[in-house]
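What follows is a short report on a single structure.
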Amino acid sequence: MIQDKSQVFNTARVEALELDNLVEVALATMHAAEARTESRGAHCREDFSERDDVNWLTHSLYYREGHRLAYKPVRLKPQTVASFEPKPRVY
Amino acid sequence: MKFSIYRFNPDVDKKPYMQDYDVVLEDGDQMLLDALLRIKDLDDSLSLRKSCREGVCGSDSMNINGKNGLACVTKLSDLDEPVVLRPMPGLPVIRDLVVDMTQFFEHYNSVKPYLINHDAPPETERLQSPEDRAKLDGLYECILCGACTTSCPSFWWNPETFVGPAGLMQAYRFMADSRDQAMDERLENLEAPDRLYRCHNIMNCVDVCPKKLNPSLAIAKIKDLKFEQAREHKCNAKKHIEIKVL
Amino acid sequence: MVIELLTKRYPGMRAWLMQRLTALIMAFYSVMLLGRILVLQPATYEEFLGFFQPAWFRIASWLFWICLSIHAWLGIRDVFKDYVPNMYVRSLLLKILVLLLWVYMAWASWLFLM
Amino acid sequence: MQNNELQNSQKAKVKNRPKNLNLFTIRLPINALVSILHRATGCALFLVLPIILLLLQLSLSTSEHFETVVSILHSPLIKLFMLGLAWAFFHHFFAGVRHLAMDVHWMTSLMKARCTSKIVMVLGVLATLVLAVKLW
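Chains as they are written, first to last, in our numbering: chain F, 1 to 91; chain V, 92 to 337; chain X, 338 to 451; chain S, 452 to 587.
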């Protein structure tokens, strides 16, 4: 509950609005991550430990209504530099 | 821990006043900013700027027990109680600990804090030798928190005209840059009697800088460049005459 | 090179440099004066007159006073700029300051050169 | 209309912003102390210029006047005043020398500047004390 009702530099209100956005982003991340059944980069899943470029070389798009997800292909033809083939990053 | 904090909300208050807080700290509260956030849990009407909480963004500069500094890098154990917190001196207070930095950034902008180079851009970056790069050490690190400028008496009394330590040090930062070509223009820009020469080496700026920089010395070096410029002009004038004679 | 910086082209540098140059001259004069007083220790009227008599000392003192006037003008002007925000009052005070300094200068010239 | 009023009230608020400039709440470091004393002593010295000129003129005019000046300078209160003045001179002198040194980048780091500030303070007082011993 915000006590501060001021119009001037009301950081309490700004932070409340920010929290709203943070929740939104957290939801989007959760749903998209849950749907992505593979592992790449920082996204690691114990149940799907392999990288899967055939099905998942794709952007995830999240829609708030009904937590719907859509997908968009990754553009692999950069304008100015040579393309870098997707492959597992192993060290 | 006891605090006494400057409060002013233009919506409610006619005049600023000091409000006392007694806050219970928890383990891990080491910096002043931690304590301020505890206070904000108790009283969300306390306004202050903050962002990175590690002395890089320069948002939470304030007057702490009479000395300007960043709340996030000021250790609680170093402070005498009650800790008196006030907004930075000499700038208009928007609310509580938040000051209006417009004037500060206008001065900063007035010294053209960017590289001026009229050569055609090369294929790659404009290169610099390690020695030339080293000349920028102690200058480029400024985070524009405003602690120096708002602790400077010359700025307090001449906020409209005096550029202030932060702006002047940035002016020198670009004069010292081997890639910059606007030395004459930059020196000319600071020649008006009150823009640069209001500095009286009081050194409050050096005293408070959270990055341990030395604007005072940078200002003295700008004056050196002035001498050099005058000498070069004379040499050039001589060359002119010699060419005419030839 | 220094001379050029004392022209109107560099108003800020000129004031700053003048303040330092006059300070330097006055510092040397002060040390000389103190030393002379300590060596000669004038106690009677005659001794004091003798102390003051040499032409070089009078001219040095006169030059000192010129430096003092410039130095005081620059210094007090800065003080007014800092603490007198009202432009009208400030310019009035500056005029009084100039007048005073000229009067002192005339007085000192009469004392030192006559 | 309402919007206008709101804007006007906002503008008024911006105009009436207070400044935190209560000098008693702001710490005065040693460097700043030496600096403000440099200014204060400078002003004091400027104010006594006519007195110095007057005394000089009197003591040069006749031997009677010279005696009067000497006796004036020997009264205890005046002596104290003269000592204060001497301190003002010495402080202004030493602080000025420090200024000149810093102009040529001598002793410009914070630690060194603090050190020279302390030296200036001590030298000013010391020189005055030496003079006091001489006078009494």
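Ideal Cβ positions, reconstructed from N, Cα and C, are used throughout, including at glycine.
In the structure shown, the three-state DSSP call for M350 (chain X) is helix.
Bounds of the beta strand (DSSP E) holding F94 (chain V) are 93-98. M294 (chain V) counts as buried, since no fewer than 16 other beta carbons sit within 10 angstroms of its beta carbon. Around N305 (chain V), the same chain offers V297 as residues with beta carbons nearer than 6 Å, after the five sequence neighbours per side are excluded. Under the 10 Å beta carbon count, L377 (chain X) is surrounded by fewer than 16 other beta carbons and is classified as exposed. Counting only Cβ-Cβ distances below 9 Å, A352 (chain X) has contacts in chain V at P284, Y288, in chain order. Counting the other Cβ atoms within 10 Å of the Cβ of Q356 (chain X) gives 16 or more, which makes it buried.
A distance below 6 Å between beta-carbons, with the five flanking residues on each side excluded, links C148 (chain V) to the following residues of its chain, in chain order: S142.
At a cut-off of 7 Å between C-beta atoms, K312 (chain V) does not count as an interface residue with respect to chain X. Residue environment for L259 (chain V): buried (at least 16 other C-beta atoms within 10 angstroms of its C-beta). The beta carbons of A12 (chain F) and D135 (chain V) sit closer together than 7 Å.
Residue range 108-113 is occupied by the beta strand (DSSP E) that includes D111 (chain V). Look at F9 (chain F): its C-beta is under 7 Å from a C-beta on chain V. The three-state secondary structure of T58 (chain F), taken from DSSP, is strand. In the assembly as shown, M350 (chain X) is a buried residue. Its beta-carbon has 16 or more other beta-carbons within 10 Å. Under the DSSP assignment, R565 (chain S) falls outside any beta strand (DSSP E), being part of the alpha helix (DSSP H) whose first and last residues are 561-586.
Closest by C-alpha distance to L507 (chain S), out of X:V339, X:A360, X:A445, is X:A445.
Residues of chain S with a Cβ closer than 7 Å to the Cβ of A445 (chain X) are, in chain order, L504.
Counting only runs of 4 or more residues that sit fully inside the stretch 475-531 of chain S, the alpha helix (DSSP H) segments are 481-498, 500-512, 514-525, in chain order. In chain order, L170, D171, V174, V175 place their CB closer than 7 Å to the CB of N156 (chain V), counting only its own chain and leaving out the 5 sequence neighbours on each side. For E341 (chain X), at least one C-beta of chain V is nearer than 7 Å to its own C-beta. In the three-state reduction of the DSSP assignment, L429 (chain X) falls in the helix class, which pools H, G and I.
At least one C-beta of chain V is nearer than 7 Å to the C-beta of K470 (chain S). No Cβ of chain F is located within less than 7 Å of the beta carbon of R322 (chain V). Classified as buried, C236 (chain V) has 16 or more neighbouring CB atoms from the shown chains inside 10 Å of its CB. Judged by beta-carbon spacing, I503 (chain S) lies beyond the 7 Å limit of S568 (chain S), meaning their Cβ atoms are not closer than that value. Excluding five sequence positions before and after P204 (chain V), the CB atoms of its chain that fall closer than 6 Å to its own CB belong to Q261, given in chain order. Rounded to the nearest angstrom, the gap between the Cα atoms of L509 (chain S) and H542 (chain S) is 28 Å.
Listed in chain order, the beta strand (DSSP E) elements of length 3 or more contained wholly in the stretch 375-425 of chain X amount to none.
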